[in-house]
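First up is the structure itself, then whatever we jot down about it.
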Amino acid sequence: MTDDAPSKRRSSVGRVLLWLVEAPVLGAVLVGLMAAYLRPGPYWWAQLVAIGLPYASWALAVFAVLWLLGRRWRAVAFHAVLLLIVGIRAGGPARLGEPADGPDGLVLTTFNVPEAGQREALGDSVVAYVGATEPDVLLMQDARVVARSERRRRAGEVVQVEAVRTRLPYALRLPARLASHPGWLVNSTDVPFFVRIGSDVEVVEQEVLILGVERDPDVSLALRSHLRWEDRDVVVYNVHLRSFGSPKPWQDENVRLFRPSTWVPYLRQYRTVYAKRGEEAAQIADRIAEETLPVIVAGDFNSTADNWSTRRLRTAGGVDRTDAVRAAGDGWGRTYHAQHPFVRIDFVFVDPALEVTSAQTTPVGFSDHRPVRVGLRWGAEAE
2 MTDDAPSKRR
12 SSVGRVLLWL
22 VEAPVLGAVL
32 VGLMAAYLRP
42 GPYWWAQLVA
52 IGLPYASWAL
62 AVFAVLWLLG
72 RRWRAVAFHA
82 VLLLIVGIRA
92 GGPARLGEPA
102 DGPDGLVLTT
112 FNVPEAGQRE
122 ALGDSVVAYV
132 GATEPDVLLM
142 QDARVVARSE
152 RRRRAGEVVQ
162 VEAVRTRLPY
172 ALRLPARLAS
182 HPGWLVNSTD
192 VPFFVRIGSD
202 VEVVEQEVLI
212 LGVERDPDVS
222 LALRSHLRWE
232 DRDVVVYNVH
242 LRSFGSPKPW
252 QDENVRLFRP
262 STWVPYLRQY
272 RTVYAKRGEE
282 AAQIADRIAE
292 ETLPVIVAGD
302 FNSTADNWST
312 RRLRTAGGVD
322 RTDAVRAAGD
332 GWGRTYHAQH
342 PFVRIDFVFV
352 DPALEVTSAQ
362 TTPVGFSDHR
372 PVRVGLRWGA
382 EAE
């Protein structure tokens with residue numbers, strides 16, 4: 002008995018130490034799971050933690066193995082439940098299923114294409130990608146288009162827009178009235194909409210949503226397009242939610258981990274961005290909730306699937322839209338940064354009236370985002 006006492010004490014101390022080491026991981030997983038339900042204004046920090054939820058979950062799985070090796074069954078059960086919740090949140094049931102059988106009826110691609118690099122190379126690259134993948138509907142973000150207006154005699158567009166419009170069989174479709182937000186050029190947008198000439202897609206009407214009231218060039222944008230396809234109507238929202246801006250902390254040579262004064266300003270910046278992004282996402286979601294037609298929401302959300310803004314848009318109007326990549330894609334489908342993708346912030350959320358037949362993200366070298374190409378068809382209930 003006395004020989005067992007020191008062994009039991011060592012075992013108890015070991016368990017306590019393991020729990021202490023694991024505590025930050027457990028905290029990150031729990032906060033990450035709750036973030037989608039916490040408004041980003043007061044809980045902006047939870048949104049920041051949620052970005053790392055997939056990676057914290059991997060660490061949690063490692064600790065689960067350690068508890069299993071130690072035969073601590075209650076701890077194993079606790080970890081199993083948490084990992085099950087994470088798996089369900091990550092779309093586990095959808096990933097286990099098969100995409101809808103049959104060919105793509107409508108192919109939609111969303112692609113953030115910032116104008117960075119040599120003009121000719123950017124034009125050639127986007128033409129090569131779009132020409133090879135041939136989407137029926139192409140949504141761009143970060144692609145500025147300035148239309149003629151009473152105050153502006155000349156129109157303008159970034160090279161990617163010009164290249165697709167002039168070198169491929171695609172028509173640029175925009176409403177006559179674009180954004181006149183004080184922080185923007187008059188009659189401009191950065192969420193252009195293309196339709197492949199010859200496709201069975203008709204643009205019935207379009208509208209640019211004006212969000213925010215401040216003189217803010219980083220305001221979120223959304224373009225609403227009412228389409229008719231196969232004699233049925235659907236509404237597509239091309240969304241570009243506000244980003245954190247530049248520079249990024251990891252690009253700032255002055256940032257030092259043990260010098261809070263170098264990175265605390267970034268936390269203040271993120272707090273502001275999360276709050277404004279949440280408000281603007283809520284405005285878009287409120288408009289989506291008014292729709293009587295099936296709705297597809299796609300674009301650059303600058304938020305992960307575990308953030309409040311993304312969930313708010315996916316479920317706008319009380320509709321549980323399908324995450325196309327989770328339903329029919331291969332792998333995790335991370336889209337940013339294109340060269341070394343760490344997170345998935347570009348999405349296509351599909352109304353239950355439609356079925357997802359395919360979904361791909363493609364590595365590219367001419368954008369910091371990977372494009373998302375999705376195949377769709379009308380579901381049986383829509384016929």
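For the sequence shown, position 338 matches number 339 in my numbering, and the numbering has no gaps at all.
All C-beta atoms, glycine included, are put in the ideal place defined by N, C-alpha and C.
Treat the numbers as computed from the prediction; the structure is a model and nothing was measured.
Look up residue i in the DSSP assignment and say whether it is helix, strand or coil.
i, result
"Y225", "According to the sequence shown, residue 225 is Arg rather than Tyr. Looking at R225 - three-state DSSP - the assignment turns out to be strand."
"Y271", "helix"
"R154", "The predicted position of R154 is uncertain, since its pLDDT is 48 and thus under 50; a value taken from the coordinates is nonetheless stated next. Three-state result, R154: coil."
"A360", "strand"
"Q161", "helix"
"T111", "strand"
"S13", "helix"
"L1", "Because the chain in this structure spans residues 2 to 384, residue 1 falls outside the shown range and cannot be described."
"W264", "helix"
"Q340", "coil"
"W230", "strand"
"A286", "helix"
"A180", "strand"
"T190", "strand"
"L258", "coil"
"G213", "coil"
"G106", "coil"
"V320", "coil"
"V30", "helix"
"V220", "coil"
"V365", "coil"
"G300", "strand"
May I have the straight-line CA-CA distance separating residue i from residue j, to the nearest angstrom?
i, j, result
"Y271", "W264", "11 Å"
"T273", "S244", "11 Å"
"F64", "Y130", "43 Å"
"V320", "R288", "13 Å"
"V209", "W59", "41 Å"
"L377", "Y238", "16 Å"
"Q284", "T336", "25 Å"
"Y275", "P41", "6 Å"
"L109", "A172", "14 Å"
"L314", "R10", "52 Å"
"D219", "A177", "22 Å"
"L83", "R75", "13 Å"
"R166", "V127", "11 Å"
"V348", "V298", "Per the sequence shown, residue 348 should be read as Phe rather than Val. Distance between the alpha carbons of F348 and V298 is about 8 Å."
For the alpha helix (DSSP H) that residue i lies in, which residues bound it at each end?
i, result
"A129", "120-134"
"T293", "That residue, T293, is in no alpha helix (DSSP H); it is neither H nor E in DSSP."
"F64", "54-70"
"R251", "Reading off the sequence shown, one finds Trp at residue 251, where the question assumed Arg. Note, W251: premise wrong, no alpha helix (DSSP H); not H, not E."
"A51", "45-51"
"W379", "Here W379 belongs to no alpha helix (DSSP H); instead the beta strand (DSSP E) covers 373-379."
"R313", "309-315"
Could you spell out where the beta strand (DSSP E) holding residue i opens and where it closes?
i, result
"H80", "Note, H80: premise wrong, no beta strand (DSSP E); alpha helix (DSSP H) at 74-90."
"A172", "171-174"
"R327", "Looking at the DSSP string, R327 is not in any beta strand (DSSP E); the run it does join, the alpha helix (DSSP H), is 325-329."
"R197", "194-197"
"L210", "202-210"
"L140", "138-142"
Leaving aside the five residues before and after residue i along the sequence, list all residues of the same chain whose C-beta is less than 8 Å from its C-beta, in chain order.
i, result
"W379", "G106, E231, R233, A354, L355, E356"
"G334", "V326, R327, R345, A360, T362, V373"
"E163", "G124"
Using a Cβ-Cβ cutoff of less than 6 Å, which residues in the same chain neighbour residue i once the five nearest sequence positions on both sides are dropped?
i, result
"Y44", "none"
"P295", "V235, D352, A354"
"A223", "L210, Y238, V240, I285"
"A51", "G33, A36, D307, N308"
"S221", "L212, L242, R243, E281"
"E382", "none"
"A386", "This structure cannot settle anything about residue 386, because the visible part of the chain is limited to 2 through 384."
Using C-beta distances below 7 Å, list every residue in its chain close to residue i, excluding the 5 sequence neighbours before and after it, in chain order.
i, result
"G279", "R40, P41, G42, W309, S310"
"A101", "E356, V357, T358, R378"
"G49", "It is worth fixing the name first, because residue 49 is Leu in this sequence and not Gly. Within the same chain, L49 has close Cβ partners Y271."
"R312", "A37"
Below 7 Å, is the gap between the Cβ of residue i and the nearest heavy atom of the ligand HEM?
i, result
"E203", "For the ligand HEM, the structure offers nothing, since it holds no ligand at all."
For the segment 24-42 against the segment 250-261, are there 3 or more C-beta pairs whose distance is under 8 Å?
no
Is it a yes or a no for the segment 131-144 touching the segment 193-201, going by three-plus beta-carbon pairs under 8 Å?
yes
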